[in-house]
Amino acid sequence: MAAGAVGVGLSGWPGEVWAADDPIWRAIPDQTWAVGVPVYLDLSAYASSQIGAELLFTINQSLPDGVSLNGTVIRGTPTGTFSRSGYVVTAQDGQIIDATPPDNPTDVTAQ
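So this is what it looks like as C-alpha cells:
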C-alpha cells in the first residue's frame, strides 16, 4: 500500500446482540484521502436510529493529523503522511450502543 494510505476496517463488538431498535447501518463506500486535500464524510448518511433519536458517533482511535470527528462529520485536511489503520465507528442513540457491521470494511487510500 502507498505511503500515507489508511485503511478503515469497520467492525462490531465481539458477541454483541443485535436488537430490533439498534441503529441501522449502510455500507460506507471506499474513500481516497490525500495529504493537503480536505476530507468530508457525514456518518449520519450511513447510520440512523430506529427510535428517531439523534445518534452520537465515536471512533475507537485517532484519525490522521488534521482530521477529526465533530458530531456526525469526519472532516479536516490530512497534514502529514499516515498509515493504514482499522477503525471502529460506534453509534449511540441514547438507549443502544452499536458498532458498524463486522463484515463491512471500508478502505481509505491516500493518493
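The C-terminal residue of the sequence shown carries number 94 in the numbering used here, and the numbering is unbroken. Heads up, the beta-carbon is just placed ideally off N, CA and C, and yes, glycines get one too. Everything numeric in this text was worked out from a predicted model, so none of it was measured.
For residue i, is the classification buried or exposed, using 16 other Cβ atoms within 10 angstroms of its Cβ as the cut-off for buried?
| i | result |
| --- | --- |
| Thr73 | buried |
| Ala(-15) | Per-residue confidence for Ala(-15) stands at a pLDDT of 38, beneath the threshold of 50, marking its modelled position as unreliable; the derived number appears in the next sentence. So Ala(-15) counts as exposed. |
| Ser32 | buried |
Mind checking whether residue i and residue j have CB atoms under 8 Å apart?
| i | j | result |
| --- | --- | --- |
| Trp8 | Ala28 | no |
| Asn53 | Tyr70 | no |
| Asp25 | Val56 | yes |
| Thr62 | Val20 | no |
Between which two residues does the beta strand (DSSP E) harbouring residue i extend?
| i | result |
| --- | --- |
| Ala36 | Premise fails: Ala36 is in no beta strand (DSSP E) and is neither H nor E. |
| Gly73 | It should be noted that the sequence gives Thr, not Gly, for residue 73. Residues 72 to 75. |
| Trp23 | Checking the sequence shown, residue 23 turns out to be Tyr, not Trp. Start and end: 22 to 25. |
| Arg58 | 56 to 59 |
| Leu52 | 50 to 53 |
Could you check how far apart the C-beta atoms of residue i and residue j are, in whole angstroms? I think they sit under 8 Å.
| i | j | result |
| --- | --- | --- |
| Ala36 | Asp76 | 4 Å |
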